[in-house]
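Worksheet: the structure to be examined is printed underneath.
In the UniProt record's numbering, the protein residues as written are 1 to 89.
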């Protein structure tokens with residue numbers, strides 16, 4: 001299947017806005033949350049330490065990244081989430 005697509009049946013990956021996620025995620029059945037990997041760009045200003053944390057059955061990756069980051073900061077964010085492949089979109 002496709003890696004990045006708008007077609008729901010072609011991938012298990014989903015992208016949501018932070019507002020939608022915060023409002024709806026913990027309403028999901030625990031089984032569906034367990035499969036979730038959540039990447040939260042913190043913009044360098046978050047109390048959570050960078051790296052992976054588990055909460056409510058999901059794995060959260062707090063990444064010190066914002067759209068204002070320079071190239072080195074972007075590389076650090078990708079290192080934190082252990083990206084194996086980056087697809088430019």
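Just so it is clear, CB atoms sit at the ideal spot from N, CA and C, and this is done for glycine as well.
Check your understanding: Buried or exposed: where does residue 62 fall if 16 or more other Cβ atoms within 10 Å of its Cβ makes it buried?
Key -> Residue mapping note: residue 62 aligns to position 62 of the chain shown, counting from 1. Looking at its Cβ environment, which holds 16 or more other Cβ atoms inside 10 Å, residue 62 is buried.
Review point. Of all Cβ atoms in chain B, is any one closer than 8 Å to the Cβ of residue 53?
Key: Given the protein chain composition of this structure (a single chain), no chain B is represented.
Review point. Among 20, 51, 30, which one has its Cα closest to the Cα of residue 77?
Key: Translated into the one-based positions of the chain shown, residue 77 becomes position 77. Comparing alpha-carbon positions, the option among 20, 51, 30 lying closest to residue 77 turns out to be 51.
Check your understanding: Would you report the Cα separation of residue 66 and residue 42, rounded to the nearest angstrom?
Key -> On the chain shown, position 66 is the one that residue 66 refers to. On the chain shown, position 42 is the one that residue 42 refers to. Roughly 7 Å separates the two Cα atoms.
Check your understanding: Rounded C-beta distance between residue 59 and residue 37? I'm assuming under 8 Å.
Key -> Locating residue 59 in the chain shown gives position 59, where the first residue counts as 1. Locating residue 37 in the chain shown gives position 37, where the first residue counts as 1. Right, the Cβ-Cβ distance comes to about 5 Å (below 8 Å), so this counts as a contact.
Exercise for review: Tell me whether residue 51 sits in a helix, a strand or coil according to DSSP, three-state version.
Suggested key: Within the chain shown, residue 51 is the residue found at index 51, counting from 1. Three-state result, residue 51: strand.
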